[in-house]
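Beneath this line is the structure, given in structure tokens, with notes to follow.
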Amino acid sequence: MPGVTIEVRRCLAPESERALIGAVAAAITSAFDIPESTLALRLVVHEPERFPLPRDKDERFTLITIDCFEGRSVEMKRALYAALATALGDLGIPADHMKVSLRESARENWGILGVPASGD
3 MPGVTIEVRR CLAPESERAL IGAVAAAITS AFDIPESTLA LRLVVHEPER
53 FPLPRDKDER FTLITIDCFE GRSVEMKRAL YAALATALGD LGIPADHMKV
103 SLRESARENW GILGVPASGD
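The opening position of the sequence shown corresponds to residue 3 in my numbering, with each subsequent residue numbered one higher.
Laid out in structure tokens, this is it:
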């Protein structure tokens with residue numbers, strides 16, 4: 003049940019927002035072999051003065067943070083990063099303008115439907 007935050011610092015047209023969210027969702031569901039219904043995605047658009055860019059990046063810079071259960075293999079993570087690079091590249095966001103942070107935690111650290119995801 004990954005939680006995903008996509009952060010940008012430029013306003014996008016609604017169809018571009020939907021395309022970005024859809025591309026990220028498709029990359030994650032494909033790489034992690036999970037149904038899209040398990041994702042919780044958010045797109046956050048920052049004011050430029052609140053989101054300084056790395057020196058060598060432009061307005062296309064996109065930060066993606068994924069919180070998920072621990073336990074996925076290195077191969078799955080590599081597949082995720084490659085799928086995200088391809089999907090965002092198709093939207094005009096080069097791989098060097100994308101940063102992904104994958105944060106894993108134990109199931110007991112997730113509360114779903116009022117109980118720990120670990121089933122304890």
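The C-beta atom is built at its ideal place from N, Cα and C for all residues, glycine as well. Given the structure is predicted, the values throughout are model-derived calculations rather than measurements.
What alpha helix (DSSP H) runs, 4 residues minimum, are completely inside the stretch 64-102? Counting only runs of 4+ residues, the alpha helix (DSSP H) found wholly inside the stretch 64-102 occupies 76-91, in chain order.
At which residues does the beta strand (DSSP E) containing Leu-55 begin and terminate? Neither: Leu-55 is in no beta strand (DSSP E) and is coded neither H nor E.
Cutting at 6 Å between CB atoms, please list the residues of its own chain near Phe-128, excluding the five before and the five after it. The displayed coordinates of the chain run from 3 to 122. Any statement about residue 128 would go beyond what the structure contains.
Coarse secondary structure for Ala-15, derived from DSSP in three states: For Ala-15, the secondary structure class from DSSP, reduced to helix, strand or coil, is coil.
Contact belief for Ile-23 with Leu-45 at Cβ below 8 Å, rounded distance in angstroms: The pair is a contact, with the Cβ atoms about 6 Å apart (cut-off 8 Å).
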